[in-house]
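A.B. asks: Residue numbers (my numbering): 65 to 275.
I have a structure I would like to understand better, so I am pasting it below and will then ask my questions one at a time.
This is the structure:
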């Protein structure tokens with residue numbers, strides 16, 4: 065039987081972004097992706113949600129401890145995002161404020177990223193899935209101890225029915241159509257953070273010459 069849920073697309077109306085435990089101490093332990101690249105991808109994902117008008121929920125786990133504070137550049141980028149500090153829950157979905165904030169958006173598709181991938185991302189992805197949500201695990205804005213752990217986590221999430229994706233793919237789903245009002249701001253994010261910028265610059269140059 066065909067499950068149409070897997071062919072449904074993200075949109076500005078059905079999505080919420082959850083950034084989970086992107087904290088400085090945890091970032092320093094990441095080995096499956098270069099930490100600087102992870103941070104760049106995280107900023108791109110955050111900018112995508114900001115430009116698209118998608119609600120953003122940020123949470124950190126015991127930021128006064130060894131995990132460290134949430135990455136400040138992200139907080140500065142979206143000062144109006146809801147920020148929830150957890151005092152003990154490993155699984156963010158077990159925190160009543162985090163869960164209630166997601167529920168209050170009325171949106172079922174949760175775009176998720178987190179450090180570390182096999183705990184801070186996987187646990188709330190599985191928990192939200194069990195309660196009828198449609199989580200998207202953004203792996204290039206997440207990180208963990210090594211490639212093996214990453215690969216095992218991808219398999220477990222995919223087996224459970226969590227959609228595994230990248231920030232640029234999520235952006236393209238949300239953009240949907242070059243004629244939409246969000247298209248060019250979103251293309252700007254894509255251009256800033258990928259080699260698509262070369263294509264975009266060439267296009268803009270051509271447009272100026274024709275004007």
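Ideal Cβ positions, reconstructed from N, Cα and C, are used throughout, including at glycine.
Treat the numbers as computed from the prediction; the structure is a model and nothing was measured.
Using 8 Å as the threshold, is the C-beta distance between residue 150 and residue 186 below it?
C.D. replies: Their beta carbons are not under 8 Å apart, which means residue 150 does not touch residue 186 by this criterion.
A.B. asks: In the DSSP assignment, find the unbroken beta strand (DSSP E) run with residue 146 in it and report its ends.
C.D. replies: First-last of the beta strand (DSSP E) with residue 146: 146–150.
A.B. asks: Evaluate residue 162 with the Cβ neighbour count: other Cβ atoms within 10 Å of its Cβ, from every protein chain shown; 16 or more gives buried, anything less gives exposed.
C.D. replies: The residue in question, residue 162, is buried, as its Cβ has 16 or more Cβ neighbours within 10 Å.
A.B. asks: Beta-carbon within less than 6 Å of residue 217's beta-carbon, same chain only, minus the 5 sequence neighbours each way: which residues are those?
C.D. replies: Excluding positions up to five away in sequence, the list reads 181, 182, 186.
A.B. asks: Could you pull the start and end residues of the alpha helix (DSSP H) that residue 230 belongs to?
C.D. replies: Residue 230 -> no alpha helix (DSSP H), and no H or E assigned at all.
A.B. asks: Can you list, in chain order, the residues of its chain with a C-beta nearer than 6 Å to that of residue 122? Leave out the 5 residues immediately preceding and following it.
C.D. replies: Taken in chain order, the residues that qualify are 83, 145, 147.
A.B. asks: By the three-class DSSP mapping on this structure, what secondary structure does residue 124 have?
C.D. replies: In this structure, residue 124 counts as strand in the three-state DSSP scheme.
A.B. asks: For the region 127–140 against the region 153–173, do three or more pairs of beta-carbon atoms, one drawn from each stretch, fall closer than 8 Å, so that the two count as touching?
C.D. replies: Output reads no: the region 153–173 does not touch the region 127–140.
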